[in-house]
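Taking the working numbering, the leading residue of the sequence shown gets 71, the next gets one more, and so forth.
Here the structure comes first, spelled out in structure tokens, and everything after it is commentary.
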Amino acid sequence: MSERSMTPRRLAQFSLLLALTLVLSWLDRSIPVTWFLSGAIPGIKLGLANTVLLYAIYLMDWKSAIVLMVAKVVLTGFMFGSLSAILYSLSGGILSLAVMLLVKRYPAIGALVIAAAAFASDVLIIRRAGGVPTGDMLWCAVLIALAAVSAIVIYILLRRHKDHEVLGVSLAGGVFHNVGQMLAAAALLRVPQLLYIYLPVLVGMGAVVGCLTGIVARLAFRALRANGAGPRKESDT
Numbered sequence: 071m072s073e074r075s076m077t078p079r080r081l082a083q084f085s086l087l088l089a090l091t092l093v094l095s096w097l098d099r100s101i102p103v104t105w106f107l108s109g110a111i112p113g114i115k116l117g118l119a120n121t122v123l124l125y126a127i128y129l130m131d132w133k134s135a136i137v138l139m140v141a142k143v144v145l146t147g148f149m150f151g152s153l154s155a156i157l158y159s160l161s162g163g164i165l166s167l168a169v170m171l172l173v174k175r176y177p178a179i180g181a182l183v184i185a186a187a188a189f190a191s192d193v194l195i196i197r198r199a200g201g202v203p204t205g206d207m208l209w210c211a212v213l214i215a216l217a218a219v220s221a222i223v224i225y226i227l228l229r230r231h232k233d234h235e236v237l238g239v240s241l242a243g244g245v246f247h248n249v250g251q252m253l254a255a256a257a258l259l260r261v262p263q264l265l266y267i268y269l270p271v272l273v274g275m276g277a278v279v280g281c282l283t284g285i286v287a288r289l290a291f292r293a294l295r296a297n298g299a300g301p302r303k304e305s306d307t
């Protein structure tokens with residue numbers, strides 16, 4: 071981290087974000103993501119803890135966000151996970167952080183890409199179901215459709231109001247965290263078919279989580295700005 075990031079205030083921010091990451095990692099373990107995947111990929115998590123990177127990007131800088139991501143992976147790996155969980159978390163964290171930093175500069179484009187990815191995932195779900203999804207497949211199709219609609223709504227908001235930028239960034243981060251995990255799983259298990267089978271479901275789940283956490287983050291940033299501690303570049307007033 072830079073000299074500026076080593077001030078007592080920024081060290082305190084970093085410590086609080088890291089503590090929040092550990093709490094969310096513990097919560098992440100209680101959400102049965104593997105149930106949606108029929109237990110095929112142990113270690114896959116929803117990525118709630120990775121949303122803390124969103125705060126680091128806006129409240130601190132990209133270097134601090136990288137350090138936070140690595141610290142999260144190492145600490146949560148030793149405390150809660152296994153080697154496979156560490157590798158999945160690292161892959162998801164690296165990809166989601168890189169995409170969030172990119173989308174932070176072009177948030178509307180990011181939301182549009184996520185909408186297209188969610189739509190394509192829904193098409194795959196419907197094709198796999200033979201035209202009319204039922205049971206768990208229906209639930210997945212509805213979830214991904216909601217993700218696509220959410221991304222389109224965010225895109226429209228971003229085109230009209232720049233102050234919704236954090237929504238697009240969070241949405242992209244949630245999706246690509248799961249994409250990174252699936253890429254790692256397909257490589258480690260040497261089963262590329264996992265991408266076709268499970269990625270559509272995880273894209274939908276990641277988009278929904280990213281949208282919800284983006285709303286929470288925007289409200290949090292507004293409260294922080296009211297107290298003079300909000301992100302410098304986010305105009306959500």
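Each residue gets a CB set at the ideal place from its N, CA and C atoms; glycine is no exception.
Nothing here was measured: the structure is a model prediction, and the numbers come from that model.
Selection from Leu264, Gly276, Arg288 and Ile156 that minimises the alpha carbon distance to glycine 243: Here residue 243 refers to the residue found at position 173 of the sequence shown. Measuring from the Cα of glycine 243, the nearest candidate turns out to be Gly276.
What residues in its chain sit with their C-beta under 8 angstroms from that of isoleucine 179, if we drop five residues either side in the sequence? To locate residue 179, count along the sequence shown from 1; it is residue 109. Val173, listed in sequence order.
Looking at the secondary structure, which residues open and close the alpha helix (DSSP H) in which glycine 284 lies? Here residue 284 is taken as the residue at index 214 of the sequence shown, counted from 1. 263-296 is the extent of the alpha helix (DSSP H) around glycine 284.
Since alanine 221 contacts alanine 181 with CB under 8 angstroms, what's their CB separation in whole angstroms? Here residue 221 corresponds to residue number 151 of the sequence shown, with the count starting at 1. Here residue 181 corresponds to residue number 111 of the sequence shown, with the count starting at 1. Rounded, the Cβ-Cβ distance is 5 angstroms, consistent with contact.
With a 10 Å radius around its C-beta and 16 neighbouring C-beta atoms as the bar for buried, classify glycine 113 as buried or exposed. For this step, residue 113 is matched to residue 43 along the sequence shown. Because glycine 113 sits at a pLDDT of 49, beneath the cut-off of 50, its placement in the model cannot be relied upon, and the following sentence gives the value as read from the coordinates. Burial check for glycine 113: the Cβ neighbour count within 10 Å reaches 16 or more, so the residue is buried.
Looking at the structure shown, is methionine 139 part of a helix, part of a strand, or coil, going by DSSP? Here the question's residue 139 lines up with position 69 in the sequence shown. Under the three-state reduction of DSSP, methionine 139 is assigned to helix.
Sort Arg260, Tyr125, Val140 and Val273 by Cα distance to leucine 194 and report the nearest one. Along the sequence shown, one-based indexing puts residue 194 at 124. Among Arg260, Tyr125, Val140 and Val273, the Cα nearest to that of leucine 194 is on Val273.
Answer yes or no: do proline 270 and serine 191 have a C-beta to C-beta separation smaller than 8 angstroms? The residue labelled residue 270 in the question sits at position 200 within the sequence shown. The residue labelled residue 191 in the question sits at position 121 within the sequence shown. Yes, they are a contact pair.
Quick check: the segment 240-256 against the segment 132-151, are there 3 or more CB pairs under 8 angstroms? These segments do not touch.
Rounded Cβ spacing between leucine 124 and serine 240 (contact assumed at less than 8 angstroms): One-based indexing of the sequence shown puts residue 124 at position 54. One-based indexing of the sequence shown puts residue 240 at position 170. Confirmed, about 5 angstroms.
Do you know whose CA, among Gly250, Val122, Leu294 and Asp98, lies nearest leucine 86's CA? Position 16 of the sequence shown, counted from the start, is the residue given in the question as residue 86. It is Val122.
Determine the direct distance from the alpha carbon of valine 140 to that of leucine 81, and round the result to whole angstroms. Here residue 81 refers to the residue found at position 11 when the sequence shown is read from its first residue. Here residue 140 refers to the residue found at position 70 when the sequence shown is read from its first residue. The alpha-carbon atoms of leucine 81 and valine 140 are separated by roughly 16 angstroms.
Check the C-beta distance from isoleucine 224 over to leucine 237 and give it rounded, since I have them as a contact under 8 angstroms. As a working note, residue 224 is residue 154 in the sequence shown. As a working note, residue 237 is residue 167 in the sequence shown. Rounded, the Cβ-Cβ distance is 5 angstroms, consistent with contact.
Which same chain residues end up closer than 6 angstroms to alanine 218 when comparing Cβ atoms and leaving out the 5 residues on each side of it in sequence? As a first step, residue 218 is located in the sequence shown; it is residue number 148 there, counting from the start. The residues are Ala185, Ala188 and Phe189.
Can you tell me where the alpha helix (DSSP H) holding phenylalanine 246 begins and where it ends? One-based indexing of the sequence shown puts residue 246 at position 176. Here the alpha helix (DSSP H) through phenylalanine 246 covers 235-259.
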